[in-house]
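Visitor: Under full-length UniProt numbering, residues 1 to 396 are what the sequence shown spells out, in order.
Every residue gets a Cβ at the ideal spot worked out from N, C-alpha and C, and that includes glycine.
Take this structure, written in structure tokens, and hold onto it; I'll ask about it next.
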Amino acid sequence: MKSFIRLTTFCYQRAGPLAGAYRTIGTIPKGPGKYAATASPVTKHRTVVSGTVQTAPSAGNPYFVSRGNHPSPQIQQCSKISSSSIISVQESMQLKKRPRRRREDENEKLAKGYKTVTAFATADEYDLDRLVRALREQNLYEPKQFLSSDDIDTEPDVLHVTAKYKVGDECRDLYFFREGTVVLWNCTDLENSNILRFLKPFEQGSYDEGTVLEESESMLYNNDSTPRLRHNSFYVSQSDESDLEKYTFANAMSLSVKLGIWEATLERYIDSMAYVTEDLKRGNKIKITRSEMLRRTGELFALRHVINLSSDLLDTPDFYWDREQLETLYNQTCAYFSISRRTRVMNEKLNHCVELADLISSNLNDDHHVRLEWMIIILIMVEVGFEVLHYVDKFT
């Protein structure tokens with residue numbers, strides 16, 4: 001009998017907060033929730049929607065799930081965060097990587113003897129050791145030198161090769177960057193395609209071919225007495241430093257195309273999460289599991305890590321510390337491709353996405369806690385039922 005009384009008292013204490021939550025729901029005022037966040041108008045829009053499971057505020061049980069029309073403060077915060085991330089996406093889409101050249105200007109410069117330099121980002125990383133051996137076996141390109149951002153020959157970052165056979169009076173230079181980018185000087189479209197196919201066996205983490213072509217960069221260049229960037233074109237001197245000048249331009253171009261790949265990756269992530277933010281906005285049950293949300297959050301942190309810790313987007317490489325002229329050229333080229341500004345926008349978008357992912361994970365954890373509490377209560381009720389049957393059987 002004493003055991004029965006103790007169990008009944010404990011069950012009443014556990015069920016009390018939930019009963020209070022039920023009473024709280026009955027008194028929630030009805031009214032439209034405010035989900036919109038203010039933002040400046042944008043010229044190009046991306047349709048991204050959002051939504052959430054509503055959590056009714058209750059002093060007794062903060063995990064109780066509500067289906068009322070009035071969203072709780074936590075859900076309002078979710079909606080504001082998701083709206084802010086959408087706004088950040090819209091604003092960033094206005095940002096051009098660089099001013100586009102007019103077609104007539106390009107054709108006019110090509111007629112005057114300008115050549116083309118093109119950059120592609122095709123993979124996460126290249127195996128330069130195997131690549132240089134394959135180039136020697138192919139006998140079409142001659143490895144000229146390895147370059148390193150910190151002048152340490154044991155771990156080169158860039159492989160510079162030149163074509164053995166000239167087409168015209170200008171040599172063809174290729175710069176293979178270990179982080180998965182290649183910059184081709186004075187190469188035709190056909191040769192570019194052949195080189196991209198040749199690179200396939202040496203790629204680690206290859207990118208989609210359509211994305212590679214879409215995020216590529218192409219510039220015109222010519223020879224001049226002074227290396228500079230002017231009128232949407234590169235100018236390279238004919239001195240002994242011309243290879244380093246080409247490397248400097250190529251370094252900035254490789255950063256731009258690599259950043260373009262990461263921008264496209266983040267856009268795909270945002271599109272893939274559109275249905276979750278729609279559920280948040282409409283107050284529906286979130287159709288994503290905790291393990292899946294954890295994996296998506298890991299994708300965000302991996303992207304943030306590679307942008308801020310594993311690249312030269314935030315700082316000038318050590319290679320230019322004692323080469324002031326090349327450093328100036330590198331900084332001018334990075335400014336031309338808006339690398340610093342695009343990196344800042346990427347980090348802002350990542351911060352919004354991470355904050356939204358944290359709130360979604362918190363909401364999923366709350367639902368998990370609710371299920372656990374109900375399981376405990378049901379088990380207690382079952383035990384109380386058995387005790388009642390035992391008590392009735394004992395005194396009958």
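Could you check if Thr248 is buried or exposed, using at least 16 other CB atoms within 10 Å of its CB as the buried criterion?
Guide: If you number the sequence shown from 1, residue 248 lands on position 248. The residue is buried, with at least 16 neighbouring Cβ atoms inside 10 Å.
Visitor: Find out if the Cβ-Cβ distance for the pair Gln204, Glu125 is shorter than 8 Å.
Guide: Numbered from its first residue, the sequence shown carries residue 204 at position 204. Numbered from its first residue, the sequence shown carries residue 125 at position 125. Cβ distance < 8 Å, so Gln204 and Glu125 count as in contact.
Visitor: Does DSSP classify Gln238 as helix, strand or coil?
Guide: Locating residue 238 in the sequence shown gives position 238, counting from the first residue. Correct three-state label for Gln238: coil.
Visitor: Can you tell me whether Gly283 is buried or exposed, with buried defined as 16 or more other CB within 10 angstroms of its CB?
Guide: The residue given as residue 283 occupies position 283 in the sequence shown. Gly283 should be labelled buried.
Visitor: Under 8 Å, do Val212 and Phe120 count as touching if we go by C-beta distance?
Guide: Within the sequence shown, numbered from 1, the residue matching residue 212 stands at position 212. Within the sequence shown, numbered from 1, the residue matching residue 120 stands at position 120. Yes, the Cβ-Cβ distance between Val212 and Phe120 is below 8 Å.
Visitor: Which first and last residues belong to the beta strand (DSSP E) in which Glu179 is found?
Guide: Reading the sequence shown from its first residue, position 179 is the one you call residue 179. No beta strand (DSSP E) holds Glu179; DSSP gives it neither H nor E.
Visitor: Along the chain, where does the beta strand (DSSP E) containing Lys115 start, and where does it finish?
Guide: Indexing the sequence shown from 1 puts residue 115 at position 115. Start and end: 115-121.
Visitor: Pull the bridge partners of Phe337 from the DSSP assignment, please.
Guide: Locating residue 337 in the sequence shown gives position 337, counting from the first residue. Bridge partners of Phe337: none, in fact.
Visitor: Can you give the Cα-Cα distance for Ser310 and Glu137, rounded to whole angstroms?
Guide: Here the question's residue 310 lines up with position 310 in the sequence shown. Here the question's residue 137 lines up with position 137 in the sequence shown. Roughly 32 Å between the two C-alpha positions.
Visitor: Using DSSP with H/G/I as helix, E/B as strand and the rest coil, what is His352?
Guide: On the sequence shown, position 352 is the one that residue 352 refers to. The answer is helix: DSSP assigns His352 an H, G or I state.
Visitor: Return helix, strand or coil for Gly205, following the three-state DSSP convention.
Guide: For this step, residue 205 is matched to residue 205 along the sequence shown. It is a strand residue.
Visitor: Report back the beta-carbon spacing between Thr316 and Tyr330 to the nearest angstrom; my notes put them in contact at under 8 Å.
Guide: By one-based count along the sequence shown, residue 316 stands at place 316. By one-based count along the sequence shown, residue 330 stands at place 330. Sure, about 7 Å apart at Cβ, within 8 Å.
Visitor: Between Glu106 and Leu229, is the Cβ-Cβ spacing less than 8 Å?
Guide: Taking the sequence shown and counting its residues from 1, one reaches residue 106 at position 106. Taking the sequence shown and counting its residues from 1, one reaches residue 229 at position 229. Not closer than 8 Å, so no.
Visitor: Count the other C-beta atoms from every protein chain shown that fall within 10 angstroms of the C-beta of Val388, then say buried if there are 16 or more, exposed otherwise.
Guide: Against the sequence shown, residue 388 aligns to sequence position 388. That one is exposed.
Visitor: By the three-class DSSP mapping on this structure, what secondary structure does Tyr175 have?
Guide: As a first step, residue 175 must be located in the sequence shown, where it is residue number 175. Reduced to three states, the DSSP call for Tyr175 is strand.
Visitor: May I ask you to report which of helix, strand or coil DSSP gives Val167?
Guide: Here residue 167 refers to the residue found at position 167 when the sequence shown is read from its first residue. Here Val167 sits in coil by DSSP.
Visitor: Starting from Ser291, trace the alpha helix (DSSP H) both ways and give me its first and last residue.
Guide: Along the sequence shown, one-based indexing puts residue 291 at 291. Here the alpha helix (DSSP H) through Ser291 covers 290-308.
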